[in-house]
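Engineer: Residue 371 in this note's numbering sits at position 324 of the sequence shown, and the numbers go up by one each step.
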Amino acid sequence: MIILGIESSCDETGVGIVRLSADGRVEELANVVASSMEQHARFGGVVPEIASRAHLEAMVPVMREALDRAGIERPDAVAATVGPGLAGALLVGASAAKGYAAGWDVPFYGVNHLGGHVAVANLEGAPLPHSVALLVSGGHTQLLEVEAVGRPMKELGSTLDDAAGEAYDKVARLLGLGYPGGPVIDRLASRGNPKAIAFPRGLTKRTDEERGHRHDFSFSGLKTAVARYVEAAEREGRVISVEDVCASFQEAVCDVLTMKAVRACKDVGATVLLLGGGVAANSRLRELAGQRCAEAGIELRVPSFPLCTDNGLMIATVAAQLIHEGAQPSGLSAGTDPSLEVEVPLI
């Protein structure tokens, strides 16, 4: 069975195609992604209206290329992200998917974007066992308990304010480094001293745990601390090392992310930690997660770089798992939900 997945929750228009075998194995046939990131760069972040328009313009070319790469004329089922994400962007992708499903006369499946980030683990290794997923991007920073791909997930914690990727973008803007902030900060941090500046680690005090934030994150205070450091240096006429600022900021982010992720694994008895989302491509996050997982006896799984960011392949993969387990199609009347809960794998 061949399943086609469409992803359009933010600024990437993705179409992925997989082959589902009778025993549940999933094979990649095509993965094509068009990004509208350059169109958002001058605004310092994603503009929802621009993202929606970019999806409209990219959908047909991306679809044609994916079908050509897979060597097929039509799939046996179509899936699309129906949430969470930007309202207009979700509508474009889901509407296109329903149109293709109707035109090809194949079933439509509306799936959870977050479940897609978890599903890619099954493409590059053994089926995912009881795990904790750390999903980190410009829109999400969450710890999820995962029983298996395609099964309902439980949110253990999330960010109370800025997502980690969002904090990277805001700090990059503050330092005049452009958008997106993640890659440039990661690059400059490699040349800086991560211990040069003692930036705060949000929600890591015992009092934070007592208030129920053991697995939650907060990066707004860290972003403010960077701003105050830069402002103080300018006021005093000091020249700052941008590399040291980037390295110290990145170390604070990755320290909290990995510490809480490994702790969550221990708390729920999970043997695997899965990284997902665009920030999972960060070199320091991968390095520190690897060190701490090794020390704790936890297996770390990190997707290859093309699968860290949003893509249609992850949507096709989670749909394939659901179909293999006998899930019924969503139907063309299924709606989108920008605030879709993690516990809902398919609607």
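Don't be surprised by glycine CBs; every beta carbon is placed ideally from N, CA and C.
Three or more C-beta pairs closer than 8 Å, one from the region 147 to 157 and one from the region 219 to 228: is that the case here?
Structural biologist: No, the region 147 to 157 does not touch the region 219 to 228.
Engineer: DSSP on residue 206, reduced to helix/strand/coil?
Structural biologist: For the purposes of this step, residue 206 is taken as residue 159 along the sequence shown, with counting starting at 1. DSSP places residue 206 in strand when its eight states are reduced to three.
Engineer: In or out: residue 271 buried (at least 16 other Cβ within 10 Å) or exposed?
Structural biologist: If you number the sequence shown from 1, residue 271 lands on position 224. Burial call: exposed.
Engineer: What did DSSP end up calling residue 276 once you bin it into helix, strand or coil?
Structural biologist: Walking along the sequence shown from the start, residue 276 turns up at place 229. If DSSP states are grouped into helix, strand and coil, residue 276 belongs with the helices.
Engineer: Have a look at 175, 78, 61 and 263 and flag the residue whose alpha-carbon is nearest the alpha-carbon of residue 104.
Structural biologist: Stepping through the sequence shown from its first residue, residue 104 is reached at position 57. Of the listed residues, the one whose Cα sits closest to residue 104 is 61.
Engineer: How many Å lie between residue 137 and residue 275 at the Cα?
Structural biologist: In the sequence shown, counting from the first residue as 1, residue 137 sits at position 90. In the sequence shown, counting from the first residue as 1, residue 275 sits at position 228. Straight-line Cα distance between these residues: approximately 37 Å.
Engineer: Under 8 Å by Cβ, that's how I've got residue 128 and residue 160 pegged, so tell me the actual separation to the nearest angstrom.
Structural biologist: On the sequence shown, position 81 is the one that residue 128 refers to. On the sequence shown, position 113 is the one that residue 160 refers to. Correct: roughly 5 Å between the Cβ atoms.
Engineer: Can you tell me whether DSSP reads residue 130 as helix, strand or coil?
Structural biologist: To locate residue 130, count along the sequence shown from 1; it is residue 83. Note: residue 130 maps to strand in three-state DSSP.
Engineer: Report yes or no: do the region 254 to 273 and the region 201 to 221 share at least 3 C-beta pairs separated by less than 8 Å?
Structural biologist: The region 254 to 273, when compared against the region 201 to 221, does touch it at the 8 Å Cβ threshold.
Engineer: Pull the bridge partners of residue 158 from the DSSP assignment, please.
Structural biologist: Taking the sequence shown and counting its residues from 1, one reaches residue 158 at position 111. Paired residue(s): 128 and 393.
Engineer: Tell me whether residue 380 is buried or exposed, calling it buried when 16 or more other Cβ atoms sit within 10 Å of its Cβ.
Structural biologist: Position 333 of the sequence shown holds residue 380. Classification of residue 380: exposed, given that the 10 Å Cβ count is below 16.
Engineer: Tell me, to the nearest whole angstrom, how far the beta carbon of residue 327 is from that of residue 349; I am working on the premise that it is less than 8 Å.
Structural biologist: Against the sequence shown, residue 327 aligns to sequence position 280. Against the sequence shown, residue 349 aligns to sequence position 302. Their Cβ separation, rounded to whole angstroms, is 6 Å, which keeps residue 327 and residue 349 in contact under 8 Å.
Engineer: Report yes if the C-beta distance between residue 323 and residue 180 is below 8 Å; otherwise report no.
Structural biologist: Your numbering for residue 323 matches position 276 in the sequence shown. Your numbering for residue 180 matches position 133 in the sequence shown. Yes.
Engineer: Strictly by DSSP, which residues pair up with residue 201?
Structural biologist: Position 154 of the sequence shown, counting from 1, holds the residue named residue 201. DSSP output for residue 201 lists 192 as bridge partner(s).
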